[in-house]
Amino acid sequence: MSTDLEKKLSHYRISKNEFSKIVEILGREPEGVEDWKAFADRISLEAKRSRISYRGAGESKDLVCIAMLGDDSLAASVGKTLGEELDLPWEAVRFPNAVEIPSDMDGPTRAMLAPLIGLMLGAAINRPTYDFANPRKAPDTAASLRQAGLAAALGLIIFGGGGWVLADQQLNSLQGKVTQVQADHKKFQNQYLRQLRAEARINHIEKLREPAVDWVA
């Protein structure tokens, strides 16, 4: 039965992914050693196309080596074919020394466990990792909305907070003026009462000094 296999070709420069391309390898999955050559040739053809696309993207530097993810015989066969067709050295990328894999584990099982082990190991050693299943992050459609919301909230804090501070300062100033007016009113009221008492005393003294009326005459 014929199946379409998806393979990922990625170009790196000093641990930085610069170009990724998912290609479909038409044909059936290799079942035995006799199928390895045809399978490697199909991958080699797509690798050549990927190399041309990489150069067409404006990159001035060419590839310098090939890294095969896997250390089984099929990976070695594909790596050797790619090296010959692209005229580049190749090397198998194996599990790190910190990971111990049973020697009797077959290649497909190793390939299935490799991503899971990579995720756990990356978190354990606190190093940046690369997701081969998603080489390029999907666009964050909600990022602009979140940024607009944060900008609006920041503007509200700045302008609203500044307005509140200004209003509070004005209120304190008005309260100070009210207190001063109340104190002045009390002061003037006391002065007015003293003035009334003084005038009453003067009027009383003046009345006493007036000559008495001779009612008999």
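Converting from the sequence shown to our numbering requires adding 109 to each position, the first position being numbered 1.
Built from N, CA and C at the ideal position, the CB exists for glycine as well.
Cβ-Cβ separation between M177 and V202: approximately 6 angstroms, consistent with a contact (criterion under 8 angstroms). Annotation for A176: the continuous beta strand (DSSP E) segment containing it runs 175–178. Annotation: the continuous alpha helix (DSSP H) that includes E194 extends over 182–195.
In this structure, DSSP gives A201 an extended state, which the three-state scheme calls strand. By the neighbour-count definition (other C-beta atoms within 10 Å, threshold 16), G258 is an exposed residue. The three-state secondary structure of L172, taken from DSSP, is coil. Of the candidates L197, D277, G141, Y301, the residue whose Cα lies closest to the Cα of D181 is G141. Counting the other Cβ atoms within 10 Å of the Cβ of L275 gives fewer than 16, which makes it exposed.
The alpha-carbon separation between P198 and A262 amounts to approximately 55 angstroms. Sequence-distant partners of V187 (beyond 5 residues in either direction) whose C-beta falls short of 6 angstroms from its own C-beta, in its chain, are A149, I152. Between L195 and K157, the CB-CB gap stays under 8 angstroms. C-alpha of N206 to C-alpha of L230: approximately 11 angstroms in a straight line. Listed in chain order, the non-local C-beta contacts of T218 below 8 angstroms within the same chain number zero, local neighbours out to five positions each way being set aside. Counting of Cβ neighbours within 10 angstroms places T190 among the buried residues, the total reaching 16 or more. Judged by DSSP in its simplified three-state form, G141 adopts coil rather than helix or strand. Leaving aside the five residues that flank E319 on each side, none in its chain has a CB nearer than 6 angstroms to its CB. Of the other Cβ atoms in all chains shown, fewer than 16 fall within 10 Å of the Cβ of Y301; this residue is therefore exposed. Here the C-alpha atom of I226 lies approximately 8 angstroms from the C-alpha atom of V208. With a threshold of 16 other beta carbon atoms within 10 Å, S159 meets it and is buried. Listed in chain order, the non-local C-beta contacts of R164 below 8 angstroms within the same chain comprise D171, local neighbours out to five positions each way being set aside. About 7 angstroms separates the CB atoms of E200 and C174; that is less than 8 angstroms, so the two are in contact.
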